[in-house]
Amino acid sequence: MAKVLLVDDEEGIRRTTPILLGQDGHQVRTARDVPEALEALQEEDWDVILTDIVMPGPSGIDLLAEAHRLRPHATVVLLTGQPSIETATEALRQGAHDYLPKPVRGETLRRVVRQAAERAGLRKENARLEEAQRRHLQDLEVQIATRTREIRDLMDALQKRLDETHRILEATVEAFSRAMELRDPYTAGHQRRVTRLAMALGTALGWPPDRLRFLKIAALLHDLGKLKVPAEILAKPSRLSAAEFALIRQHPVSGWEVIAPLDFAGPVGLIVRQHHERLDGSGYPDGLKGDQILPESRVLAVADVVEAMASHRPYRPALGLDAALEEIRRGSGVLYDPEMVQAAETTFRSGLPFEEDPTASALRAGS
Ligand SMILES: [Fe+2]
C-alpha cells in the first residue's frame, strides 16, 4: 500500500488509474500537469510518482529532477505515448525507476507500481536507519564529550591536590632541614644551597621532574645524620681528631637509617647514604666505585663540594667559586663523575644559583 502521485494530461487516464491501483490498496492523487504535480510534491510525501512525459508545459523529464530534489525517497516511473530510445535512456539516466510505453496494460502497471512502492519503502527504511544511526552517533559524541570534560575536571582537581601534597611535603622537609641547621649555625643554609646547586645540575642533565623531586628531598636532608654528631665537633674551628672525624664519617649511614624506612617512591635514603662516595672508591661509608654510586649521589657530591668550598667554614674563610670549580675539575674522573663536573662548569661558570644566606652572613659578621 503506497501513496501514488499520477501526473497525466489525459483525463481518461486520471480517472481510470486510481480505480485500478485502488484494487491494491494504493492511495492515488492526480495532477494534470507539472505545476500541479509540484504543488502536490510540496504539500505531502509520496512513495511513487507516475508521470507522463509529454504534456503541455514542462515535461515529465523536467518533473523528474524536481521530484528527486523535493522527495528523495520517492520512486519515479515515466509513461509515454511516443516512446523512443533517446527519451528512455535520458529518463533512466536521470534516475527514473522504470519507463513504460503507453498504453500500459493494467497488470503491468500494478506490478510496476508494486515494485516501485517496495523500492520507495526500502529507501525510506534505509534513510530512517541512517538517521537513527546518525542520531545515535551524535548522542554518543555528546556523551563522550561530557565524560571527557568530567574526567578532565577530575584530573585537574587531582593534579591540584597532588601539587598541593608535593608542596606540603617539600615545605615540611625544608622546615626540618632548617631546624637541623639551628644546631650548627656555621653551616646554616648549607643543605638548601646544596639543594639549589644539585637541582640546577639535575636540570642541566635533563632529568625529569619526578627524579628531580626525589633529588631535592635527598639534598635537603643529606646531612641529616649529623644530628648524631655533637654540635661542638661540627662547629670546631680547629682540626678534628681521628676519633671526631670517624664520628662525622658515620653521618651518611645515620641519615640513611632514618630515611630508608620511610618508603619514598624514589631512592632518597640511598642517595643520602652515598653522597660522600667517590668515583675511585676512596669515599665513605661503603667505598663504592663508578656506577655503583647512584647518579643522584654523584650530582650531590659535586654540589656538596662546590657549596662547601664556595662558602665560609668555622676553620677557614670562603675559598670562592673559582677554587671550587678548580677542585672538581682536578677530581674529575677520579673523585667526581666527569659528566657532573662538566655540567657544573657550564652551569656555575657565571655564578652560583643562590642568594647569599642572610642568616649565614649575619653570623659571619658577628664571628
Ligand atoms: Fe655530608
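Following the working numbering, the numbering of the sequence shown begins with 62 at its first residue and continues without gaps. A virtual CB, placed ideally from N, CA and C, is assigned to each residue, including glycine.
By alpha-carbon distance to Gln403, the top candidate from Glu127, Ile389 and Gly412 is Ile389. Residue pairing for Val68: DSSP places it in a beta bridge opposite Ala92 and Thr112. DSSP, read as helix, strand or coil, puts Val360 in helix.
Contact between the region 121-139 and the region 147-159 is present: 3 or more CB-CB pairs across the two stretches fall below 8 Å. DSSP, read as helix, strand or coil, puts Lys289 in helix.
For Tyr160, DSSP records a beta bridge to Leu139.
Of Asp106, Ile320 and Val68, the smallest CA-CA separation from Leu124 is found for Val68. With a cutoff of 7 Å, Asp284 counts as near ligand 1, since its C-beta is closer than that to a heavy atom of the ligand. Asp347 has its CB no nearer than 7 Å to any heavy atom of ligand 1. Cβ contact annotation for Asp245 (same chain, cutoff 8 Å, sequence separation greater than five): Lys287, Ala292, Leu295 and Ala296, in chain order. Taking 7 Å as the cut-off, the C-beta of Asp245 does not count as close to any heavy atom of ligand 1. At a cut-off of 7 Å, the beta-carbon of Asp365 counts as near ligand 1: some heavy atom of the ligand is closer than that. With a cut-off of 7 Å, the C-beta of His373 is classified as distant from ligand 1, since no heavy atom of the ligand falls inside that distance. Contact between the region 350-358 and the region 328-342 is established, with three or more Cβ pairs separated by less than 8 Å. Taking 4 residues as the shortest admissible run, the region 213-251 contains no complete alpha helix (DSSP H) segment at all. When Ala265, Glu202 and Val174 are compared, the shortest CA-CA separation from Ala364 is found for Ala265. In the structure shown, the three-state DSSP call for Arg339 is coil. A distance criterion of 7 Å places the beta-carbon of His337 in contact range of ligand 1, judged by its closest non-hydrogen atom. If you look at Trp268, you'll find it isn't in any alpha helix (DSSP H); DSSP assigns it neither H nor E.
Between His336 and Thr256, the alpha-carbon positions lie close to 13 Å from each other.
DSSP places Arg374 within a strand segment (E or B) once states are collapsed to three. Checking the 7 Å criterion, the Cβ of His312 is within range of a heavy atom belonging to ligand 1. Using a Cβ distance threshold of 8 Å, Ala385 and Ala362 do not count as a contacting pair. Within the model, the alpha-carbon separation for Leu258 versus Leu282 is close to 14 Å. 8 Å or more divides the Cβ of Ala98 from the Cβ of Leu131.
Within 10 angstroms of the beta-carbon of Met62 lie fewer than 16 other beta-carbons, which makes it exposed.
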